[in-house]
Every structure is written in structure tokens, then in C-alpha cells.
Amino acid sequence: MRNKFFLVLGVALVALLGLGAWQAHGTTKVTKVTNVGSTALQPLVEAAVPGFLKHHPSIHVTVQGGGSGTGLSQVAAGAVDLGSADVFAEQKAGIDASKLTDHIVAVSGIVPVVNPKLGVTNLTSKQLRQIFTGEVTNWKQVGGPDEAITVINRASGSGTRLAFEQLVLKGQSPIKAQEQDSNGTVKQIVANTPGAISYIALPYLDKTVAALKLNGVAATKANITTNRWPLWSYEHVYTRKQASPAARAFVAYLQSPAVQRHLVEAAHYVSVDSMTVRRDANNQLTRVKGGE
Amino acid sequence: MKNWSNRLTGPSPESRCEAHGRWITRLALVVIAALVLSIIGFLLCRGSRLFLTGEGTLSAFLLGTNWDPGHQAFGAAPMIVTSLFVTLLAGLLALPLALAVALATTEILPRGAKRFLQPGIELLVGIPSVVYGLVGLTILVPLTRKLLGGTGFGLLTGAGVLFLMVMPTMTSMAIDALEAVPNQLRRASAGLGATRWQTIHRVVLPTARGGILTALIFGMARAFGEALAVQMVIGNAAVMPHGLGSSAATLTSVLTTGMGNTIMNTPENDALWSLALVLLLMSFLFNLATRLVSRKKG
Amino acid sequence: MKKIELQNRLATILILSLAALAALIAGGLVGYLLASGLPHVSWQFLTGSTKSFASGGGIFDQLFNSFYLVVLTLLVAVPLALLAAIYLSEYAKQGPVTTGLRLAIEVLSSLPSIVIGLFGYLIFVLQWRLDFSLLAGAMALTILNLPLLTRACEDALRQVPQLQRQAGLGLGMPKWRVTTKLVLPAALPGIITGAVLSAGRIFGEAAALIYTAGQSTIAVDYANWNPFAPTSFLNPLRPAETLAVHIWKVNTEGLVPDAAAVSSGAAAVLIITILIFNLAARGLGKLLARWLSR
Amino acid sequence: MTQSPAITVNQVAVAYDSKPVVSDVSLAFPAKQITALIGASGSGKSTLLRCLNRMNDGVATVSGEITFHGVNINAPQVNVYRVRQQIGMVFQQPTPFPLSIYENVIYGLRLRGVKDRSLLDQRVEESLKQAALWEEVKDLLKASAQALSGGQQQRLCIARTLATRPEIILLDEPTSALDPLSTNQIEATLSQLKKDYTIIIVTHNMQQASRISDWTAYFEQGKLVEFNQTAQLFINPKEERTANYLSGKFG
Numbered sequence: 151m152r153n154k155f156f157l158v159l160g161v162a163l164v165a166l167l168g169l170g171a172w173q174a175h176g177t178t179k180v181t182k183v184t185n186v187g188s189t190a191l192q193p194l195v196e197a198a199v200p201g202f203l204k205h206h207p208s209i210h211v212t213v214q215g216g217g218s219g220t221g222l223s224q225v226a227a228g229a230v231d232l233g234s235a236d237v238f239a240e241q242k243a244g245i246d247a248s249k250l251t252d253h254i255v256a257v258s259g260i261v262p263v264v265n266p267k268l269g270v271t272n273l274t275s276k277q278l279r280q281i282f283t284g285e286v287t288n289w290k291q292v293g294g295p296d297e298a299i300t301v302i303n304r305a306s307g308s309g310t311r312l313a314f315e316q317l318v319l320k321g322q323s324p325i326k327a328q329e330q331d332s333n334g335t336v337k338q339i340v341a342n343t344p345g346a347i348s349y350i351a352l353p354y355l356d357k358t359v360a361a362l363k364l365n366g367v368a369a370t371k372a373n374i375t376t377n378r379w380p381l382w383s384y385e386h387v388y389t390r391k392q393a394s395p396a397a398r399a400f401v402a403y404l405q406s407p408a409v410q411r412h413l414v415e416a417a418h419y420v421s422v423d424s425m426t427v428r429r430d431a432n433n434q435l436t437r438v439k440g441g442e
Numbered sequence: 115m116k117n118w119s120n121r122l123t124g125p126s127p128e129s130r131c132e133a134h135g136r137w138i139t140r141l142a143l144v145v146i147a148a149l150v151l152s153i154i155g156f157l158l159c160r161g162s163r164l165f166l167t168g169e170g171t172l173s174a175f176l177l178g179t180n181w182d183p184g185h186q187a188f189g190a191a192p193m194i195v196t197s198l199f200v201t202l203l204a205g206l207l208a209l210p211l212a213l214a215v216a217l218a219t220t221e222i223l224p225r226g227a228k229r230f231l232q233p234g235i236e237l238l239v240g241i242p243s244v245v246y247g248l249v250g251l252t253i254l255v256p257l258t259r260k261l262l263g264g265t266g267f268g269l270l271t272g273a274g275v276l277f278l279m280v281m282p283t284m285t286s287m288a289i290d291a292l293e294a295v296p297n298q299l300r301r302a303s304a305g306l307g308a309t310r311w312q313t314i315h316r317v318v319l320p321t322a323r324g325g326i327l328t329a330l331i332f333g334m335a336r337a338f339g340e341a342l343a344v345q346m347v348i349g350n351a352a353v354m355p356h357g358l359g360s361s362a363a364t365l366t367s368v369l370t371t372g373m374g375n376t377i378m379n380t381p382e383n384d385a386l387w388s389l390a391l392v393l394l395l396m397s398f399l400f401n402l403a404t405r406l407v408s409r410k411k412g
Numbered sequence: 047m048k049k050i051e052l053q054n055r056l057a058t059i060l061i062l063s064l065a066a067l068a069a070l071i072a073g074g075l076v077g078y079l080l081a082s083g084l085p086h087v088s089w090q091f092l093t094g095s096t097k098s099f100a101s102g103g104g105i106f107d108q109l110f111n112s113f114y115l116v117v118l119t120l121l122v123a124v125p126l127a128l129l130a131a132i133y134l135s136e137y138a139k140q141g142p143v144t145t146g147l148r149l150a151i152e153v154l155s156s157l158p159s160i161v162i163g164l165f166g167y168l169i170f171v172l173q174w175r176l177d178f179s180l181l182a183g184a185m186a187l188t189i190l191n192l193p194l195l196t197r198a199c200e201d202a203l204r205q206v207p208q209l210q211r212q213a214g215l216g217l218g219m220p221k222w223r224v225t226t227k228l229v230l231p232a233a234l235p236g237i238i239t240g241a242v243l244s245a246g247r248i249f250g251e252a253a254a255l256i257y258t259a260g261q262s263t264i265a266v267d268y269a270n271w272n273p274f275a276p277t278s279f280l281n282p283l284r285p286a287e288t289l290a291v292h293i294w295k296v297n298t299e300g301l302v303p304d305a306a307a308v309s310s311g312a313a314a315v316l317i318i319t320i321l322i323f324n325l326a327a328r329g330l331g332k333l334l335a336r337w338l339s340r
Numbered sequence: 002m003t004q005s006p007a008i009t010v011n012q013v014a015v016a017y018d019s020k021p022v023v024s025d026v027s028l029a030f031p032a033k034q035i036t037a038l039i040g041a042s043g044s045g046k047s048t049l050l051r052c053l054n055r056m057n058d059g060v061a062t063v064s065g066e067i068t069f070h071g072v073n074i075n076a077p078q079v080n081v082y083r084v085r086q087q088i089g090m091v092f093q094q095p096t097p098f099p100l101s102i103y104e105n106v107i108y109g110l111r112l113r114g115v116k117d118r119s120l121l122d123q124r125v126e127e128s129l130k131q132a133a134l135w136e137e138v139k140d141l142l143k144a145s146a147q148a149l150s151g152g153q154q155q156r157l158c159i160a161r162t163l164a165t166r167p168e169i170i171l172l173d174e175p176t177s178a179l180d181p182l183s184t185n186q187i188e189a190t191l192s193q194l195k196k197d198y199t200i201i202i203v204t205h206n207m208q209q210a211s212r213i214s215d216w217t218a219y220f221e222q223g224k225l226v227e228f229n230q231t232a233q234l235f236i237n238p239k240e241e242r243t244a245n246y247l248s249g250k251f252g
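This is how it looks when you write it as C-alpha cells:
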């Protein structure tokens, strides 16, 4: 009797599932677009998905992290449609940048941060460089309290670190120090460690850490657009040269005013449109007209 | 006669059921074996690329102390040493406590104690490693800073967090090992006038030694492979450690930090897979050694 | 004689105080997490959905995903581990092959979960075209949990007295029947303990899921019960962020101003969820044991 | 012997791994009689008993011939489960399953797919009566078998074996875990059962062998020393080794 009951139950379940499969098959076809890459950029791209879905209900976009390296590798290998990165593809060895198309979706400021109890608010470029190369090991050498400096660097190979090394260290190699991969972790460590210094992306800055001025200039959006604050980098989304129409539609949406005016601002990135300078993969600056 | 030989030979529902059972269990085993072997093969394949492409040599990899994959320096010795040391330290810290809890619940406390303990242990296993890392960052790091001076990040803190993470697993397995000791043995020992400690020390622990060793292996294996939590408190700097308070990096923490930032099939990325292979080989050797030790004495 | 008793008493005190220390550490940890997290937990937090840049986001999707992933993983992992354990404990002869296999399974348990995650990404997500999905996550977690689970099942089976098996065999039952009808119900508590411990690891795992189940959730429809529909909450082929991954993400790259609150609140919710899940699993296990032995 | 033997053992040897435990035993067990196997621990008597329904499969290697109704039960085409259904076994310790008394008795039948309620009811009553347990448990058939006393549990196990209607019942020291009163009851039950069944019992208790068995086989170091009618063997053993064992002398 029990067996019969389970038989009936099983048949009913299979029938229901079959019906479901048939029904789901009948609905309109859905195109999938997958974005893999920079974890720092992920929140912004993810936030753009609901708005995009309103315009293109048949395109489902999945946004995943995995890191800039993964993003570039996978989009180059054709495994995913979009690869987000915070470095130029040209700056990464092992990637054939000529196969990829770069779409810049935002500009991110990079800001040095210290433990808030330290009381240091300003450093010169030289002092910052000396701290990260290990020439200066105590805060009192740069006008702060007598406190050992704990340097927290970013993961080697990460876009933020690459930009920081190019713009601040100018070719000198940094001391071997603690390396952390993510903005959040860096922030937590700096907030909890006396005498700690590191650098994070501007959108992640909050009250738990103290931002430093560089040569008296504060890391504000206005200063970034004019390059008065030189520590900034692009946030890229790469596609292959022959990208699918769906992927192209999503990238176009990311660069559209709907995203650039509202979401980018809300996420504390700087909109690409407002920049008055442009930088290429070799760090050459060119002034562009317009801006705000 | 004919009749009987018919009655006793040939298939029956029972023999069909048995064949069926054998088939299905063997299938499961084959699936698992295929999975395990493909992972091992996968790691061997990826992990040896660095050496096969000629970008690095095995001896420089195992003995070199300079890890800077961006500049073709692939010395993994600091991480190997750190991983081993931190794991051992965490295991040695956790084992006495895990064993004490297990002994207390199985040998000393009334049976009801286990009912409260078990859900507690299972809870601790389920806490995400990030949360352990955060607890380490907010509690253990300042504590170590006071204790040892310096930054507070380092080997000891890393081992401390790992100790917290592996203790529940080890406790749970140690309890299982002690419970597997037949009660007759305990009664026989008590009947000979042995005190509780003598029974534990001379009968229970020797009998359960295999299981306790397994608990240790599993606990340390988990410590060995843990990344996210350790990475937050160990200082994550790929340098040779020179003291309990010095910053260091484990194989897994370097692996996890670097994996997302490197391009596949570049030497930087291959070096990370080689680290994973080292991890696999070391835990293999470690398992083998423990097996040999337990067999020799048991 | 006196010395022996003194030794006994000292040893007992030592064991109990060490155990108390362990309990204190563990209790303090859980208490700390609950105390720092519970104030942030509200009905809105439990039932709301995540926000990208603003504070006040909830964790409902993540909570459900965690549950669903645990169920899916156990559905794959427990039968596999159990059958393998049955083979190892009931059928296999001791020999180099079984020893080697056991060793290989145990070695697997020390692989960092990110390696399993990347393996899952390259094989399940890309090779098998499962995309970032619950199913790919469940399979990666199956690999992660196989060692512990197989071990637990095997131990549980071995602890069933040999006599029970013989009694069944003596009645002319095939070994497979003896195993499923007599040994399995008796071993069920041990198997459930293993499964519950695994469930705990699944609830808490992040690194292996980042590359498999993914770290973002698509908008799902909780009214659509058809598991084949792309937006159904039951669809195993949709990407899903679990609570542990969410905690990880908020802590590492969260852009919400209340990241710390979300993280600690989510941790507290996770702890309570695991507690409820474990109690329910044990209750269910008792029912199952009764049902199996009939 | 007027009847043909129930089961015949011809030049049987058993070895665990490569360690021989039983060697060159030939023996014909008379039908519908009780045969006792006696001997010191390790003499191989239990091992031989377990060979009779192939409980040593996969554990030990058995050579020689064991013939049941003209069929060599170790032949490859023989279905081991059918052999065991004809030759049941009861063990040293009572092994009730964690079920009701009723379900325990009909366990073997259920597995064979018997569904007829009245047949099952009838089998339960018959078997429990044959095992002399019916009067004690007829009102608690739905109660858990594990609540019974040790002696009752062992009789339940006998009833469980009887319910599948075997021809031969093998008992491996069935009373070694029981008190004298329960032992008496089991012995009485066995004496009743020999009307319908062939019974082969391994026992350490020589009084028990002399009380209940019709035939006795004495084993020493894996060899059959003497096999005779019980009265003969106990009063007038032909072999000196048997006499020594019976009088408590060893070596």
C-alpha cells in the first residue's frame, strides 16, 4: 500500500515537472549575458541591471566578481561576454588586447588612508613614496606622532596597486608589506591598527578611516576631473571585438546618461563624461575639451 | 533430486537485489574516484606548468625565499614554512581542548551534556570564515599587539584564528572516536579497581588513538586549506617569518589574494597553481605519515 | 593508593577546566556575534532585498539561497557519500585500492576551497555549461564535503554491531537488504550528524561559491513554483548569492554605508538559521529512521 | 540411521586468509534429530556450523563438499539466499530487530513479498507457539521486541527463523548469554522442535549437549575427533582425547 502511494506521488511529481519544463520551453527565449571581473566595480554594474532589464526584458545579465585578472582572462578566452577590470588590458601580460574592445564606464579616485587616531592629514608625494618604499618607518619622520608605520599594500597585480605604483612610486619598488586584496578589508585593518596606512578607491571611503591630502590637495570629484588630484584610474568593461548584440546593448546602457548621471554619482565614482583629461595605457595625459 | 537442485539454484529476487546494490554502490565509488582523480590530475597539470614552460625551476620554487611573481621571483619557501607552522600550532593548541571536551562529555559529565554540546559545535562549524576573520581582527589582533608588541598581525594571531576554526570539527570527531570505545572495556578496567583517570589514560585513549589521530588530521587539514580568515590577521606578507609576532603569508592566503588578479596561463598564475599543488602534496605526505605512525603503534 | 586518587582527582579537574575553557571560548564567540548582530536584525532586514549603495538593505534572497543550496548539496552529496561509504564498509576488501582511495579522499579535505571553486568554475561552469548557478555551486560543495561526509557515514555504518548484520543474513536476506533495512536505520544518527556538520560548512562557505554559484542574485519570482522557469526561485540553474557570500562581499567590496551592520546582522541570522536547521534535521532524522526500518 | 541425512559434510576444510581452522571434516547430520558440536574454544566447531549455510562467504575459504538434498551448496550456480532460507541460523546473543514482536517474526516473509494478512497472522501464531513464546507475548504483539527479556528475545529469534519454514536450524551457542531458567526453556523448545526440524547446535555446555542432543560431534584443533550417538559418546568414548575432554583433562 505504501509502495502504491509513493508510486502515485512519483508519477504526479514527474508529470508536474514535465508540464513545467514544457511550459518554460514555450516562453520567449532569454539571452544571457555574463559579466565577470573586478570585485570593486561589481556593485555599480549590478546596480545597473534592473534599469537595463526594463528596456530589454529578454536579456538577463548576471554580474559576478572574480577579480580583474579573471575578468580579462575569461573574456579573452570567450568564456564570458563581458570582463570588467580596473586596469588597461594592455597593462596585463598574457592578454591579447587587440582582440578586445575597451569600454570605460567610470573613473575611480584612489585615496591614501590612515588610522583616524593618528592625526596626520597631509603628506607630500615624496613622503608618501618614502613610506611605501620603506625609507620612512616612523610617523614622526613626516611630522606625525612617534608611532611606527604599518604599511598595508594592495594585492600585487590588482588595478589599484598598479595605478598607485605608477603614479606615486614612479618606478621604485615598494617594501614587502602586508598585502590585502579588497577595499573593505583594507579599510577594516587600517581602522583597527594604530599607525596603519594604505590606499583605497574613493567610493569606499568612510568615517572609519582618515583620508590624506596630497600636497595639500583633497581627493574630491572636482579635483579628479581636472587631474589636480592625480591618483585615479579607469574602470573598464571589456568585450571581444565581435561581441553579441546583447552584450553591446548592456555596455551601451552602462555608458548612457541614465547610468552615468545617476548610478555613477550615487556610487561615488566619477562620471567619464565629466573628465577634462584623458589618460591612455601608457600613462600619457591629454586634455579634452568640454567637461563640466 | 532434480526438484531440489532447481530450488536451490538460479537467480531469485534476493540475488537480483544484491547485484543491484553492488552495482549502485560501486557506481557511487567510481563517481567519487573520478571526481577526486580529476581534481588531482587537474592540479598536477596546472601546477606543473610553471616548471614545464621553463619559467621557474623546482628547486628555486621550493627553496627560494623571494616571492614576487610580478618580477619572475617564485620562491615559495616562506609560505610553505608559514603554512606548516601555523597549522601545527593551531592543531597543537586545539587538540588538548578538543580532547578535554570530548573526555568530559563521554567519560565524566552525565549523558545529557552532549545534547547541549552537539548543536553548539555544529553552530561553530557553520560560522563563515570571514566572520572568524573579523573576530580575529577586532579581538585577537589587539590582544596580540598588547602581548607581543608590534602590529598584532602575524603567525600567532593566524594560528589563534585557525585554532578557533578547527576546534569544533576536532571536538566532534574526538567525541565520535571516544564513543566508539566499547563500554565493556571501561567496565572491565573499573572492575579491576582502576580510577577514572587510569581507565582513560590506559584503556580509553589507547583504544581510541586511531580516531583521535584522524580528528587531528581532519582538523589540521581544514586549517591548512583555510584562507579568508587567516589572510585578514596573519599580515599577509610573503616573507620568511622570524618570530611568533612577525607578519607572514600562508600558501592559501597568497593563492586566494592573487588568483583573481592574475591572467590565466601567465607565469604569475601558474605559480599560484603550483602553490595549490604543493598544498596537495604536503597534505598527502602529512596524511601518509600519520597513517604510518598510527599503524606502527596500534 | 593515596597518590593514585590524587592523580585521578587532579586529572579530572584538569580535563573539566580545559573543557570549561573551550566552552567559554566557544560560548563567548557565539555570544559576541549574537550580541553585536541581533540589534541590527529586524523584520525588514529579514524580508527585504539588498540595496546597492543605500543603507537599509535586507537579506531575504540570500537567506533563501543559503537554505536552497544546503538542500541541493545534501541531495547530491549525501547519497553519493553514503553509497560510497556502504561500499567501503560493507563490500570492499581491505587492499591497496581502497586504502589509496581513502587517502585520496582525505587529501581532498585539505585543499583550499578556492581551488575547489576554481575547479568548479573551469569544469562545471564553463565546460559543462552550467553557468554561474546553484547547481554548479552544489557540485563544488559536494566535492568540498565528500571527505568529511564519507568518513562520517563509514564510521556510523561500522559502529552498527556485526550481530545485527548476521541475524539478517541468517534469515536469507541479501547483504544489500541487510544494509538498507537493518544497518542504515541503526547508523542514521551518525549519518545525520555528518550531514548536519556538512550543512554547517555549506552555510558558512564563501570562497568555493564565488566562482560557482556566483556572488550576485538575479531578481527571482517567489510565486513561480516551476523549477524550469528562468526566474523561478526554485530554478537550480540560476545564479545565487548565499548569506555567507553576502557577508564576505559586504565586508570586502560593499558600497553600502551600513556594511558593518549588515555583516554582523547577517552573521547573527546565519547562526540562528543553522541552529534551527540542525534541530529540524535531527527531528526529521528520527522520523526517517522509523520509516526506513519498517 | 533409518533416514537419509539432512546435510552431509565431506572432507571440508576452512581457512581464514591462509590460516587453516577446520581441516578434513566429514560428517552426516541425521534428519529430524538434534546434533551437538562440542569442543574447546578455537576447535573449529562454530566455523563449521557457519559453513553449513554459507555464512562464511567472503570471510573464509571453504573447500570440500557440503551436500544438501544432493546439491553441493558451495557450487557456483547455487543461490546462497535460497540456501539460507532452507537452513536458518540463531546466534549467541539475541538479535531482535528494533521493531514490534509481530514484525520481527514475519520479517523474513515480508522481505519475500508475502502480503496475505491472514497467512502472516497464522505464521506468527504458529511460530511463536513452536518457540514456546506465544503464551507470554500473545497480548503484546505490537510491543517492541527489545523490551523482552534476554531469554524471550532468543526464543523470538528462534520463532523468526521458524517463520520462514527452514528444514534445518543452526544454533551457535544460543544459551551462552542467558540465565539457567531461560536456558531450560530454550532447551525444552528445541526438544519440541526436533519433531519437525533438523537441529544442529554448537555448545560449550556439555551438560546441555548430553541433555538435549541425540548425536554429538567432538572437535579438537580443527579436526573431527569423534562422532557418535550422544549417550554412547558421553558414557563410552572411543577416543582417548574425547574422554580427556569430557573429564576435564586437556593436552
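Chains as they are written, first to last, in the working numbering: chain A, 151 to 442; chain B, 115 to 412; chain C, 47 to 340; chain D, 2 to 252. Where a beta carbon is used, it is the ideal one built from N, C-alpha and C, also for glycine. Note that the coordinates shown come from a computational prediction; the quantities given were computed from them, not determined experimentally.
1. Which residues in the same chain as A/T414 place their Cβ atom closer than 6 angstroms to its Cβ, once the five residues preceding and following it in sequence are excluded?
2. What residues from the stretch 366 to 399 of chain B come within 8 angstroms of chain A, judged by C-beta to C-beta, listed N to C?
3. Can you check DSSP and say which residues form a bridge with C/Q53?
4. Give the DSSP bridge partners of D/I170, in chain order.
5. Taking the beta carbon of A/E442 as the centre, do at least 16 other beta carbons fall within 10 Å, making it buried, or is it exposed?
6. Output the residue ranges of the alpha helix (DSSP H) runs that lie fully inside the stretch 126 to 168 of chain B and measure 4 residues or longer, sorted by chain position.
7. So the beta strand (DSSP E) A/W382 belongs to, where does it begin and stop?
8. Tell me the DSSP bridge mates of B/I235?
9. Using DSSP with H/G/I as helix, E/B as strand and the rest coil, what is B/G349?
10. Buried or exposed: where does A/K242 fall if 16 or more other Cβ atoms within 10 Å of its Cβ makes it buried?
11. Along the chain, which unbroken stretches of the alpha helix (DSSP H) at least 4 residues long are found entirely within the stretch 96 to 130 of chain C?
12. Determine the DSSP secondary structure at B/D419, reduced to helix, strand or coil.
13. Compute the Euclidean distance between the alpha carbons of B/A190 and A/I281, then round it to the nearest angstrom.
14. In the structure shown, what three-state DSSP assignment does A/G441 receive?
15. Using a Cβ-Cβ cut-off of less than 8 angstroms, list which residues of the stretch 282 to 302 of chain C approach chain A; keep chain order.
16. Could you check what DSSP says for C/H292 in three-state terms: helix, strand or coil?
17. Could you check the C-alpha separation between B/G412 and C/P273 for me, to the nearest Å?
18. Would you mind telling me which residues of chain C sit closer than 9 angstroms to D/R85, beta carbon to beta carbon, in chain order?
19. Mind checking whether D/G151 and D/L179 have CB atoms under 8 angstroms apart?
20. Which residues does DSSP pair with A/L435 in a beta bridge?
21. Closer than 8 angstroms, CB to CB, is A/G441 near chain C or not?
22. Of all the residues that make up the stretch 212 to 245 of chain A, which are near chain B by a beta-carbon distance shorter than 7 angstroms?
23. Are any of the Cβ atoms in chain C nearer than 8 angstroms to that of B/S303?
24. Within this structure, are the beta carbons of C/L64 and B/L172 separated by less than 8 angstroms?
25. Check whether the Cβ of C/Q210 lies closer than 8 angstroms to any Cβ atom in chain D.
26. Which residues in chain B sit within 7 angstroms of C/Q53, going by Cβ to Cβ distance?
Concretely, from the data shown:
1. The sequence as given places Val at residue 414 of chain A; Thr does not occur at that position. Cβ neighbours of A/V414 beyond the five flanking positions: A256, S421.
2. T370, T371, G372, M373, G374, N375, T376, I377, M378, N379, T380, E382, N383
3. BP columns for C/Q53 are empty, so no partner.
4. D/G89, D/I200
5. Unreliable positioning characterises A/E442 in this predicted model, as indicated by a pLDDT of 42, which lies under 50. The coordinate reading is nonetheless provided below. Label assigned to A/E442: exposed.
6. 127 to 161, 163 to 166
7. 382 to 390
8. The partner list for B/I235 (beta bridge, DSSP) is empty, contrary to what the question assumes.
9. strand
10. buried
11. none
12. No answer is possible for residue 419 of chain B: the residues shown for chain B start at 115 and end at 412.
13. 26 angstroms
14. Residue placement at A/G441 cannot be trusted, given a pLDDT of 45 that sits under 50; the coordinates are not used to answer.
15. P285, K295, V296, N297, T298, E299, G300, L301
16. C/H292 sits in a helix when the DSSP states are folded into three classes.
17. For B/G412, the pLDDT reaches just 44, beneath the cut-off of 50, and the residue's location in the model is therefore unreliable, leaving the point undetermined.
18. Near D/R85 (Cβ distances below 9 angstroms), the residues of chain C are L215, G216, L217, G218, M219.
19. yes
20. A/L435 is bridged to A/R429.
21. Only weak support is given to the placement of A/G441: the predicted model assigns it a pLDDT of 45, under 50, and the value that follows is read from those uncertain coordinates. Chain C contact via Cβ: absent.
22. For the stretch 212 to 245 of chain A, residues whose beta-carbon sits nearer than 7 angstroms to a beta-carbon of chain B comprise G216, G217, S218, G219, T220, L222, S223, K242, A243, G244, I245.
23. no
24. No.
25. yes
26. W311
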